[in-house]
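Numbering (my numbering), first residue to last: 90 to 185. We put the CB at the ideal spot given by N, CA and C, even for glycine. The structure displayed is predicted, hence computed values, not measured ones. For reference, the structure discussed in these notes is given below.
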């Protein structure tokens, strides 16, 4: 059975959802990352309480071991924001 959320935690949840929604509305955020953020929002709406630590990639909750660091990802519930907004191209070694 889930614990009953307090008024304070509910306010924090909806404040967090508002922050995430603002990120989705930001044109600088990639489409792939927006899908991850929307998944986090959906988790808040579904649970109605703080969500556990989750790693989201490709719009799905995944295990940390399955994280592909070459693609955008989103981590929620860690007390700080963890995400990758851009893909960093592989470095090429010069032959000179």
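Given residue i as reference, the closest of the options once Cα atoms are compared
i	options	result
residue 150	124, 109, 112 and 103	124
residue 167	145, 158, 159 and 155	145
residue 126	134, 138, 135 and 113	113
residue 104	158, 138 and 116	138
Residue i classed as buried or exposed, judged by whether at least 16 other C-beta atoms fall within 10 angstroms
i	result
residue 161	buried
residue 181	Residue confidence is low: residue 181 scores 48 on pLDDT, short of 50, so the model does not pin down where it sits. Its coordinate-derived value is still stated next. So residue 181 counts as exposed.
residue 165	buried
residue 122	buried
residue 163	buried
residue 107	exposed
Rounded distance between the beta-carbons of residue j and residue i, thought under 8 Å
i	j	result
residue 110	residue 130	7 Å
Limits of the unbroken beta strand (DSSP E) element including residue i
i	result
residue 165	162 to 165
>> Report the start-end ranges of each beta strand (DSSP E) in the stretch 127 to 160 that is 3 residues or longer and not cut off at the edges.
In response: 143 to 146 and 149 to 151
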